[in-house]
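Chemist: Encoded as structure tokens, here's the structure I'll be asking about.
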Amino acid sequence: MKRIVLTGGGTAGHVTPNIALLPRLRELGYDIHYIGSYDGIEKGLIEDQGVPYYGISSGKLRRYFDLKNFSDPFRVLKGYSEAKKLLKKLRPNIIFSKGGFVAVPVVQAAKSLHIPVIIHESDMTPGLANRLSIPAATKVCCNFPETLSSLPEGKAIVTGSPIREELHAGNRLAGMKFCGFTAEKPVLLIIGGSLGSVAVNRAIRQILPELLKTFQVIHLCGKGNLDESLTHTAGYVQYEYIQKELPDLFALADVVVSRAGANAICELLDLHKPNLLIPLPAASSRGDQILNARSFEKQGFSEVMMEEDITPELLLSRIQTLYQNRGTYISAMEHSDASNAVAKITAMIEELVGV
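In terms of the numbering used here, the sequence shown is residues 878 to 1232.
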């Protein structure tokens, strides 16, 4: 039996691409196991998929002063020992790592046991955890052509990010029924991320009367960000968060306004949705969303607008331009190398396993 160990954790972005691989790996006959932290977000997400889960000790390697910097190296060493013991027991043919600090000891343990490792890097520039892991990797997958220059020659390949199979199964009519929309106007989908974006939410609501002259609007505004005064506005629906119906909402959307997290924009690329990206400001992140957005803009997949440049008038103009030029963006996305990542990555897994 072919056996694979998946690893990665710390945020949902380090887990959902692993989950996206599960259906195809099962079709190919893999016995799938997962190594994550004892109580990270990955534990519940993976156990919900019916995959055997093993927790190991995990520490964060910080580039700033923190008292935990004195104790976390010992947690990492403990995690390495635990990972090596698990891998000896499971004897997998291959490891696939989505990153996060819990993956570092797993990758290093795999190297010591001569188990091939595939790493996936979502952002334009590798984060610290993946930078520590890359020397031990057999292959490194990435989302952006620009990332290739940051990775060892011969190891790296642009694959895009694995996208959940169910996102491709959305039904436009079901989305229309769910939102109470008609077929008379195009649909604009606003995605502010799991926490929402105060700046984007405010600007969208300021131009809502103008938007509704052209569009029907689905606004995913984040937890605690509903505006009750707009509840009964015709052609406008708002939700804190959507999970089950999200594929139908994507199928319904003609254009999208979104943050520029790597997984989110790869979903838009794979679904060929024309988009306006508003990346997190550099002050709120390590600047990766800005780099991601600029790459997509350069490749012709996206319009980009900086949060600090938002004015109601400019945002309205950019959305209208996006819709008018939507065919150009769809064409560019259809010709991208960074799509159908599940097929590319699983083919690579099969090759390294020797099937």
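By construction, the Cβ of each residue, glycine as well, lies at the ideal position given by its N, Cα and C atoms.
Note that the coordinates shown come from a computational prediction; the quantities given were computed from them, not determined experimentally.
(1) Output yes or no for whether 9 angstroms exceeds the beta carbon distance between Y821 and H1096.
(2) Using the rule of at least 16 other Cβ atoms within 10 Å of the residue's Cβ for burial, across every protein chain shown, is G1231 buried or exposed?
(3) Between which two residues does the alpha helix (DSSP H) holding I1142 run?
(4) Are the Cβ atoms of T1091 and G977 separated by less than 9 angstroms?
(5) Report yes or no: do the stretch 1192-1207 and the stretch 1144-1154 share at least 3 C-beta pairs separated by less than 8 angstroms?
(6) For L1089, collect the residues of the same chain with a Cβ closer than 7 angstroms to its Cβ; drop the 5 residues on either side in sequence, then sort them by chain order.
(7) Residue ranges of each beta strand (DSSP E) run of no fewer than 3 residues wholly in the stretch 1097-1143, ordered along the chain?
(8) Can you say whether R903 is buried or exposed, counting buried as having 16 or more other CB atoms within 10 angstroms of its CB?
(9) What whole-angstrom Cβ distance do K1033 and L1025 have, given they're in contact under 8 angstroms?
(10) What is the DSSP secondary structure of N1152, counted as helix, strand or coil?
(11) Can you round the beta-carbon distance between P1156 and A1170 to whole angstroms, since I take them to be within the 8 angstroms contact cut?
(12) Just to confirm, is the Cβ distance from V984 to A1014 under 9 angstroms?
(13) Taking E1087 as the reference, give the member of A1224, T1108, L1065 with the closest Cα.
(14) Where does the unbroken alpha helix (DSSP H) through F1055 begin, and where does it stop?
(15) With the cut-off set at 9 angstroms, would you say L922 and T893 are in Cβ contact?
(16) Runs of 3 residues minimum, wholly inside the stretch 980-1059: which ones carry the beta strand (DSSP E) assignment?
(17) Identify which residue in A987, Y1116, L1192, I896 has its Cα closest to the Cα of Q926.
(18) For C1019, which of A1076, S1216, Q1115 has the nearest alpha-carbon?
(19) On a CA-only basis, which of Q1115, L1028, A1139, V1094 is nearest A1300? Give me that one, please.
(20) Using DSSP with H/G/I as helix, E/B as strand and the rest coil, what is R903?
(21) CA-CA distance, E1190 and L1199?
(22) Taking the C-alpha atoms as reference points, what is the distance between L860 and R1049?
(23) Would you say H910 and V882 are within 9 angstroms of each other, going by their C-beta atoms?
(24) In angstroms, rounded to a whole number, what distance separates the CA positions of M1183 and L964?
(25) Output needed for E1042: all residues of its chain with C-beta closer than 6 angstroms, excluding positions within five of it in sequence on either side, in chain order.
Modeler: According to the structure shown:
(1) Within the shown structure, residues of the chain are numbered from 878 to 1232, placing residue 821 beyond reach of any answer.
(2) Here the question's residue 1231 lines up with position 354 in the sequence shown. The residue is exposed, with fewer than 16 neighbouring Cβ atoms inside 10 Å.
(3) What you label residue 1142 is simply residue 265 of the sequence shown in a count that begins at 1. First-last of the alpha helix (DSSP H) with I1142: 1139-1147.
(4) Position 214 of the sequence shown, counting from 1, holds the residue named residue 1091. Position 100 of the sequence shown, counting from 1, holds the residue named residue 977. Taking 9 angstroms as the Cβ cut-off, T1091 and G977 do not qualify as a contacting pair.
(5) yes
(6) As a working mapping, residue 1089 is identified with position 212 in the sequence shown. These residues qualify, in order along the chain: G1112, Y1113.
(7) 1113-1116, 1132-1135
(8) Working through the sequence shown from its first residue, we reach residue 903 at position 26. Counting Cβ neighbours within 10 Å, R903 comes out exposed, since fewer than 16 surround it.
(9) Position 156 of the sequence shown, counted from the start, is the residue given in the question as residue 1033. Position 148 of the sequence shown, counted from the start, is the residue given in the question as residue 1025. The sequence shown places Ala at residue 1033, not Lys. Indeed, because the Cβ distance is near 5 angstroms, the residues count as touching under 8 angstroms.
(10) Start at 1 with the first residue of the sequence shown, and residue 1152 comes out as number 275. Reduced to three states, the DSSP call for N1152 is strand.
(11) Taking the first residue of the sequence shown as 1, we reach residue 1156 at position 279. Taking the first residue of the sequence shown as 1, we reach residue 1170 at position 293. So it is a contact: roughly 4 angstroms between Cβ atoms.
(12) By one-based count along the sequence shown, residue 984 stands at place 107. By one-based count along the sequence shown, residue 1014 stands at place 137. Yes, the Cβ-Cβ distance between V984 and A1014 is below 9 angstroms.
(13) On the sequence shown, position 210 is the one that residue 1087 refers to. Here the closest residue by C-alpha is L1065.
(14) For the purposes of this step, residue 1055 is identified with residue 178 of the sequence shown, where counting begins at 1. Element bounds for F1055: 1049-1056.
(15) As a first step, residue 922 must be located in the sequence shown, where it is residue number 45. As a first step, residue 893 must be located in the sequence shown, where it is residue number 16. It is a contact, given that the beta carbons lie within the stated cut-off.
(16) 994-998, 1016-1019, 1033-1035
(17) Counting from 1 along the sequence shown, the entry for residue 926 is found at position 49. Nearest of A987, Y1116, L1192, I896 to Q926, Cα basis: I896.
(18) The count along the sequence shown starts at 1 and reaches residue 1019 at position 142. Among A1076, S1216, Q1115, the Cα nearest to that of C1019 belongs to S1216.
(19) Outside the displayed span of the chain (878 to 1232) sits residue 1300, for which this structure offers no information.
(20) Stepping through the sequence shown from its first residue, residue 903 is reached at position 26. The answer is helix: DSSP assigns R903 an H, G or I state.
(21) For the purposes of this step, residue 1190 is taken as the residue at position 313 of the sequence shown. For the purposes of this step, residue 1199 is taken as the residue at position 322 of the sequence shown. Cα to Cα, E1190 sits roughly 14 angstroms from L1199.
(22) Because the chain is modelled from 878 through 1232, residue 860 falls outside the range shown and cannot be assessed.
(23) The sequence position of residue 910 within the sequence shown is 33, counting from 1. The sequence position of residue 882 within the sequence shown is 5, counting from 1. Yes, Cβ-Cβ distance for H910 and V882 is below 9 angstroms.
(24) In the sequence shown, residue 1183 corresponds to position 306, counting from 1. In the sequence shown, residue 964 corresponds to position 87, counting from 1. About 45 angstroms.
(25) Taking the sequence shown and counting its residues from 1, one reaches residue 1042 at position 165. If we look at E1042 and ignore the five residues flanking it on each side, its Cβ neighbours are P900.
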